[in-house]
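*Asks:* This is the structure, below, for whatever I ask next.
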Amino acid sequence: MAKTVKKCGKKCYGCGRRPVFSIHSIYCRICDRLAFRMKERRFPPEAVKAVWEYIRAYDYRCFYTKMLLEMDDIKSPWFCVFDHLIPLDSRRIVLTSALINEMKTALSVREFWYFVLQLADLIVKGKSIKKIRLAHWRQQYAGEKQQGGAGEICLAQPKWKGKHKKCCQCGKPVFTLRSKYCLRCSRFNHRMEIKGFSPEAMEEIRLHIRTNGYVCALTGLPLEMDDYRSPWYCVFNYLTPGDHSKVVLTCALFNEMKTDLSIKEFWYYIRQLANYFRHGTKIRKKELVYWYRLTPQELYLKSLRD
Ligand SMILES: [Zn+2]
Ligand SMILES: [Zn+2]
64 MAKTVKKCGK
74 KCYGCGRRPV
84 FSIHSIYCRI
94 CDRLAFRMKE
104 RRFPPEAVKA
114 VWEYIRAYDY
124 RCFYTKMLLE
134 MDDIKSPWFC
144 VFDHLIPLDS
154 RRIVLTSALI
164 NEMKTALSVR
174 EFWYFVLQLA
184 DLIVKGKSIK
194 KIRLAHWRQQ
204 YAGEKQQGGA
214 GEICLAQPKW
224 KGKHKKCCQC
234 GKPVFTLRSK
244 YCLRCSRFNH
254 RMEIKGFSPE
264 AMEEIRLHIR
274 TNGYVCALTG
284 LPLEMDDYRS
294 PWYCVFNYLT
304 PGDHSKVVLT
314 CALFNEMKTD
324 LSIKEFWYYI
334 RQLANYFRHG
344 TKIRKKELVY
354 WYRLTPQELY
364 LKSLRD
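In structure tokens, the structure reads:
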């Protein structure tokens, strides 16, 4: 086949760099697969056209970080995936790596870089994070009206006398005389029990709440306890993916940005991304130990090698 290609000397219509893989095709092997994937996803023609224009100009590089993308191994964190530049808007598609795609979650480009820089400043300089309103977060629920109620009851002073009994977890007044907890803590403990964490892990979370209150363990930001559509909603995070013995509280947004990174890997990539954005420093890849595209068996084999 190589001979035929040499003879026809036709260049790929997609990337314009590599030779076509057969005289009957207009694409090289890589572009052919990419074209198929785009067709499967039913992207609009103008979005597809923009992707090819991008590839002709930059080759297979991440739109956000200009890192070279992996085109074969679908389990790699650097595998080339499609990302909606504006969340949920399929008119503008860009190429990025599986990892950056997960870290960007439902943020716009501006919001993504804003939080990368905020997180990097927190870890490097100890600056605290300033929240901004997110334009696309949980947008699919925008039509619903938030139901108030339980949360407000929790924060309001109970009507009955004997209001001196305090919640043993956070110190707020309890919600009935028979309860040890305020309504907020009682709902929180219920959520924690459903998750089936080990008693030690739960005790550690309770200790965190008693000493710091409901704050994010990664950033110290106060957490939203009622509105589950908020990016600041309190969620559980395994500091090391898959290790259920160490669970911390964080907000929905940073939980999604951390994806399947260990805490060390997360801060490493936040810093690398911030340096890239500010100074154009090339991002150095580091092998990800817990990347979820690995099967348990592959994880085991990897642990033998390390
Ligand atoms: Zn090509
Ligand atoms: Zn409480």
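Numbering of the sequence shown is given in our numbering, commencing with residue 64 and proceeding in unit increments. The beta carbon of each residue, even a glycine, is placed where N, CA and C say it ideally should be.
1. For E215, collect the residues of the same chain with a Cβ closer than 6 Å to its Cβ; drop the 5 residues on either side in sequence, then sort them by chain order.
2. Among the candidates R104, P150, I163 and R119, whose CA atom is the shortest distance from the CA of M130?
3. Between the alpha carbons of C91 and L97, how many angstroms are there, rounded?
4. For K321, name the three-state secondary structure that DSSP assigns.
5. Could you check if Y244 belongs to the surroundings of ligand 2, using beta carbon to heavy atom distance under 8 Å?
6. With hydrogens ignored, establish whether the beta-carbon of K235 is closer than 8 Å to any heavy atom of ligand 2.
7. Determine the direct distance from the alpha carbon of W295 to that of L246, and round the result to whole angstroms.
8. Let me check understanding here. Comparing Cα to Cα, which of M101, K73, F99 and R104 lies closest to I89?
9. Return the CA-CA distance between R196 and K167, expressed in angstroms with no decimal places.
10. Using a Cβ-Cβ cutoff of less than 6 Å, which residues in the same chain neighbour D146 once the five nearest sequence positions on both sides are dropped?
11. How about Y90: is its Cβ closer than 8 Å to a heavy atom in ligand 1?
12. Just to confirm, does C248 get its C-beta within under 8 Å of one of the non-hydrogen atoms of ligand 2?
13. So, do the segment 346 to 353 and the segment 314 to 331 have three or more beta carbon pairs nearer to each other than 8 Å?
14. Taking C-beta to C-beta, are L316 and W200 nearer than 9 Å?
15. For P341 and H87, what's the separation of their Cα atoms in angstroms?
16. From R100 to R250, what distance separates their C-alpha atoms?
17. Of all the options C143, V83 and K235, which has the alpha carbon lying nearest to the alpha carbon of T128?
*Replies:* The relevant details are as follows:
1. Unreliable placement is indicated for E215, whose pLDDT of 42 sits below 50; no coordinate value is reported for it.
2. I163
3. 10 Å
4. helix
5. yes
6. yes
7. 19 Å
8. K73
9. 16 Å
10. V157, T159 and N164
11. yes
12. yes
13. yes
14. yes
15. The sequence given here places Arg at residue 341; Pro does not occur at that position. C-alpha separation (whole angstroms): 46 Å.
16. 44 Å
17. C143
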